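Asker: Protein chains in written order, with this note's numbering: chain A, 134 to 246; chain B, 22 to 135. All C-beta atoms, glycine included, are put in the ideal place defined by N, C-alpha and C. Here the structure is a predicted model, which is why all the values come from computation and not from measurement.
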Amino acid sequence: NAGVTQTPKFQVLKTGQSMTLQCAQDMNHNSMYWYRQDPGMGLRLIYYSASEGTTDKGEVPNGYNVSRLNKREFSLRLESAAPSQTSVYFCASRPSGTGYIQYFGAGTRLSVL
Amino acid sequence: RKEVEQDPGPFNVPEGATVAFNCTYSNSASQSFFWYRQDCRKEPKLLMSVYSSGNEDGRFTAQLNRASQYISLLIRDSKLSDSATYLCVVNIHAGGTSYGKLTFGQGTILTVHP
Numbered sequence: 134n135a136g137v138t139q140t141p142k143f144q145v146l147k148t149g150q151s152m153t154l155q156c157a158q159d160m161n162h163n164s165m166y167w168y169r170q171d172p173g174m175g176l177r178l179i180y181y182s183a184s185e186g187t188t189d190k191g192e193v194p195n196g197y198n199v200s201r202l203n204k205r206e207f208s209l210r211l212e213s214a215a216p217s218q219t220s221v222y223f224c225a226s227r228p229s230g231t232g233y234i235q236y237f238g239a240g241t242r243l244s245v246l
Numbered sequence: 022r023k024e025v026e027q028d029p030g031p032f033n034v035p036e037g038a039t040v041a042f043n044c045t046y047s048n049s050a051s052q053s054f055f056w057y058r059q060d061c062r063k064e065p066k067l068l069m070s071v072y073s074s075g076n077e078d079g080r081f082t083a084q085l086n087r088a089s090q091y092i093s094l095l096i097r098d099s100k101l102s103d104s105a106t107y108l109c110v111v112n113i114h115a116g117g118t119s120y121g122k123l124t125f126g127q128g129t130i131l132t133v134h135p
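1) Considering only residues of the segment 30-82 of chain B, which uninterrupted beta strand (DSSP E) runs meet the minimum length of 3 residues and lie entirely inside it, listed in chain order?
2) For B/ASP98 and B/GLY37, which I take to be in contact (beta-carbon distance under 8 Å), what is that distance rounded to the nearest angstrom?
3) If you draw a straight line from the alpha carbon of B/GLY117 to that of B/GLN52, how long is it in whole angstroms?
4) Just mark B/SER102 as buried or exposed, buried being the case when its beta carbon has 16 or more other beta carbons within 10 Å.
5) Rounded to the nearest angstrom, what separates B/CYS109 and A/VAL145 at their Cα positions?
6) B/TYR46: buried (16+ other C-beta within 10 angstroms of its C-beta) or exposed?
7) By the 10 Å Cβ neighbour count, where 16 or more other Cβ atoms means buried, how is B/THR129 classified, buried or exposed?
8) My output table needs one value for B/GLY117: the three-state DSSP class, helix, strand or coil.
9) Distance cutoff 8 Å, beta carbons only. Does A/GLY186 sit that close to anything in chain B?
10) I need the straight-line Cα distance from B/ASN86 to A/SER182, nearest angstrom please.
11) Within 7 Å: the Cβ of B/LEU95 and any heavy atom of the ligand GDP?
12) At what residues does the beta strand (DSSP E) containing A/MET118 begin and finish?
13) Near A/PRO194, which residues of its chain fall below 7 Å by C-beta distance, leaving aside the five closest residues on each side in sequence?
14) Alpha carbon to alpha carbon, how far is B/ARG80 from A/PHE223? Give it in angstroms, no decimals.
15) At a Cβ threshold of 8 Å, is B/ASN76 touching chain A?
16) Distance check for B/VAL25 and A/GLU206, CA to CA, integer angstroms please.
17) Looking at the structure shown, is A/LEU202 part of a helix, part of a strand, or coil, going by DSSP?
18) I'd like to know if A/THR140 contacts chain B, where contact means its C-beta is closer than 8 Å to some C-beta of that chain.
19) Does A/PHE143 pass the burial test, meaning 16 or more other C-beta atoms within 10 Å, or should it be called exposed?
20) With a threshold of 8 Å between beta carbons, is B/GLY79 in contact with chain C?
21) Measuring CA to CA, which of B/LYS63, B/HIS134, B/LEU68 and B/SER70 is closest to A/THR241?
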């Protein structure tokens with residue numbers, strides 16, 4: 134039972150490079166989320182997708198784009214990486230219904246030099 | 022003011038101790054409450070939901086005070102394996118829809134030592 138799978142686990146970029154963080158869930162969940170976690174800041178929502186075909190901005194969307202490719206996959210793209218985007222990125226998913234429990238992937242540790 | 026605030030700690034306690042964490046939230050529209058646990062360099066995992074009447078799961082007890090907008094987590098008989106960061110998490114409904122968005126506190130670090 135894989136749950137939420139994120140790739141890659143680690144990445145080092147140079148300023149200005151682009152990359153896409155991949156996330157896939159096998160739990161048939163409707164909603165998916167991207168967060169970043171920085172020391173002393175807690176998790177902050179970047180983008181979310183309430184259902185396949187929809188995406189919406191969260192608290193800190195600047196510098197990021199997302200694609201909800203299908204029900205399983207939700208990717209996060211950095212078009213021109215900046216040192217301020219050095220962080221740990223978590224993808225999460227949530228089943229439909231009134232329970233708001235989210236299930237997280239193992240995270241991607243990104244360093245932008 | 023942060024929407025969800027926690028004492029970051031760290032709390033250092035001996036095995037067997039009882040420790041309590043507090044959390045306050047600022048938005049009275051908050052309707053769902055959780056404690057998540059995050060081990061070092063790992064993803065957050067649900068520890069327990071928090072219900073209005075309070076609830077218990079083994080050594081863990083969660084309380085909610087809606088009037089004071091306050092949530093607590095009590096850990097009894099602490100184990101070495103309880104060492105982790107504990108995240109207070111709130112679902113805030115906005116305009117009747119929230120798409121399940123969660124707001125996280127910064128976390129409280131707990132270290133249990135022999």
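Answerer: In this structure, then:
1) 32-35, 40-46, 51-59, 65-71 and 76-78
2) 6 Å
3) With a pLDDT of 48 at B/GLY117, under the threshold of 50, the modelled position of this residue cannot be trusted, and the question is left open.
4) exposed
5) CA-to-CA, the gap between B/CYS109 and A/VAL145 works out to about 31 Å.
6) buried
7) buried
8) Unreliable placement is indicated for B/GLY117, whose pLDDT of 48 sits below 50; the coordinate value is still reported in the next sentence. Coil.
9) no
10) 31 Å
11) In the structure on display, the ligand GDP does not appear, and there are no ligands present to speak of.
12) The shown model of chain A, from 134 to 246, leaves out residue 118 of chain A, and the question about it has no answer.
13) Around A/PRO194: ILE179 and TYR180.
14) 29 Å
15) no
16) 30 Å
17) Residue state, collapsed to three classes: coil.
18) no
19) exposed
20) Protein chains A and B are contained in the structure displayed, whereas chain C is not.
21) B/LYS63
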